[in-house]
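Position 133 of the sequence shown, counting from 1, maps to 133 under the UniProt record's numbering, and the rest follow consecutively.
We treat Cβ as the ideally placed atom computed from N, Cα and C, and that holds for glycine.
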Amino acid sequence: MTAPTGAGLPGAAPEATAPTRHRAVLSLGSNLGDRAATLRDAVAEIRALPGVTVEAVSPAIETAALKPEGVDERAPAYLNIAVVLSFDGHPEGLLDLLNAIEADHGRVRIERWGDRTLDIDIVTVDEILQADARLTLPHPRAHERAFVLAPWLAIDPDAVLPGHGRVDALLAATGETVRLYDGTGTP
Numbered sequence: 001m002t003a004p005t006g007a008g009l010p011g012a013a014p015e016a017t018a019p020t021r022h023r024a025v026l027s028l029g030s031n032l033g034d035r036a037a038t039l040r041d042a043v044a045e046i047r048a049l050p051g052v053t054v055e056a057v058s059p060a061i062e063t064a065a066l067k068p069e070g071v072d073e074r075a076p077a078y079l080n081i082a083v084v085l086s087f088d089g090h091p092e093g094l095l096d097l098l099n100a101i102e103a104d105h106g107r108v109r110i111e112r113w114g115d116r117t118l119d120i121d122i123v124t125v126d127e128i129l130q131a132d133a134r135l136t137l138p139h140p141r142a143h144e145r146a147f148v149l150a151p152w153l154a155i156d157p158d159a160v161l162p163g164h165g166r167v168d169a170l171l172a173a174t175g176e177t178v179r180l181y182d183g184t185g186t187p
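Next comes the structure, spelled out in structure tokens:
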């Protein structure tokens, strides 16, 4: 006979269970410093995270900087990529790990929509719809940003943004065109 575990009792330690595996889409961007190297390094660091499996990395695209007033052609251009991955745990835990990678690359959160060495956004996690102070899923502006949609579509032609629809249709609705980065290639 085994001793009771206390599972289900208030204050009792939960029984060990397998972690929940999720699928996420990330959008990475950089417009300061060696942008391609920063994105390559960030992808390598994401690959090294415990419980994370990178499934696909898009080619890089180059876009003008987007500011609250609109496109700013005077600011350094961004390189943007998408990463599809699976991970164990909670989306907020992934967010913490990604924020640490941003900080390691000199990301300072002073100016919203400001120039940055590295920006990593969680675009979507499974079909989760949530909005709270820490994390909104899917990303609240992903459906209107070609620099998010085009790289994602390049690695997942059947992609769907939860609550918004097919990524190919959303990209067409932006009316924007994007250009592949002609520098050192895919990070």
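message: Could you tell me the alpha carbon to alpha carbon distance between R166 and R21, rounded to whole angstroms?
response: The residue labelled residue 166 in the question sits at position 166 within the sequence shown. The residue labelled residue 21 in the question sits at position 21 within the sequence shown. Each residue's alpha carbon lies about 23 Å from the other.
field: Beta bridge counterpart(s) of I81 as assigned by DSSP
entry: By one-based count along the sequence shown, residue 81 stands at place 81. Bridge partners of I81: L28.
Endpoints, the beta strand (DSSP E) within which V125 is located: Start at 1 with the first residue of the sequence shown, and residue 125 comes out as number 125. That run of the beta strand (DSSP E) goes 119-125.
- request: Give me the Cα-Cα distance between G93 and A159, rounded to the nearest whole angstrom.
  value: Mapped onto the sequence shown, residue 93 falls at position 93. Mapped onto the sequence shown, residue 159 falls at position 159. Answer to the nearest angstrom: the Cα atoms are 24 Å apart.
- request: Rank V43, A64, G33, E45 by C-alpha distance to the C-alpha of residue 196 and give the top, closest one.
  value: One cannot answer for residue 196 here, as it falls past the ends of the chain, which runs 1 to 187.
- prompt: alpha helix (DSSP H) containing T63: first to last residue?
  reply: Residue 63 sits at position 63 when you count from the first residue of the sequence shown. Per DSSP, T63 is not a residue of any alpha helix (DSSP H); the beta strand (DSSP E) it occupies stretches across 61-63.
- request: Evaluate contact between the stretch 72-81 and the stretch 95-103, counting only Cβ atoms and requiring at least three cross-stretch pairs below 8 Å.
  value: no
Three-state secondary structure (DSSP) of D182: Taking the first residue of the sequence shown as position 1, residue 182 is located at position 182. Residue state, collapsed to three classes: coil.
message: Once DSSP output is grouped into helix, strand and coil, what is the label at D88?
response: Along the sequence shown, read from residue 1 onward, the residue named residue 88 stands at position 88. D88 falls in the strand class under three-state DSSP.
Residues near I155 by beta carbon distance below 8 Å, same chain, minus five either side: Looking up residue 155 in the sequence shown gives position 155. Exclusion of the five residues before and after I155 leaves A56, V57, S58, A82, V84 as the residues of its chain whose Cβ lies within less than 8 Å of its Cβ.
message: For T124 and R74, what's the separation of their Cα atoms in angstroms?
response: Within the sequence shown, the letter at position 124 stands for residue 124. Within the sequence shown, the letter at position 74 stands for residue 74. Straight-line Cα distance between these residues: approximately 31 Å.
- prompt: Roughly how far, in whole angstroms, is the beta-carbon of P91 from the beta-carbon of L161, given that I think they are within contact range, below 8 Å?
  reply: As a first step, residue 91 must be located in the sequence shown, where it is residue number 91. As a first step, residue 161 must be located in the sequence shown, where it is residue number 161. Contact flag wrong, Cβ pair sits at about 16 Å.
message: Please return the same chain residues whose Cβ sits closer than 8 Å to the Cβ of D115, not counting the five positions on each side in sequence.
response: Numbered from its first residue, the sequence shown carries residue 115 at position 115. Around D115: N31, L32, A65, A75, P76.
- request: Determine the DSSP secondary structure at T136, reduced to helix, strand or coil.
  value: What you label residue 136 is simply residue 136 of the sequence shown in a count that begins at 1. Strand.
Backbone CA spacing between V43 and A37 [nearest angstrom]: Here residue 43 corresponds to residue number 43 of the sequence shown, with the count starting at 1. Here residue 37 corresponds to residue number 37 of the sequence shown, with the count starting at 1. Answer to the nearest angstrom: the Cα atoms are 10 Å apart.
field: Proximity of A150 and I46 at Cβ, strictly below 8 Å
entry: Within the sequence shown, numbered from 1, the residue matching residue 150 stands at position 150. Within the sequence shown, numbered from 1, the residue matching residue 46 stands at position 46. No, the pair does not count as a contact, with Cβ atoms beyond the cut-off.
message: Can you list, in chain order, the residues of its chain with a C-beta nearer than 6 Å to that of A173? Leave out the 5 residues immediately preceding and following it.
response: The residue given as residue 173 occupies position 173 in the sequence shown. None.
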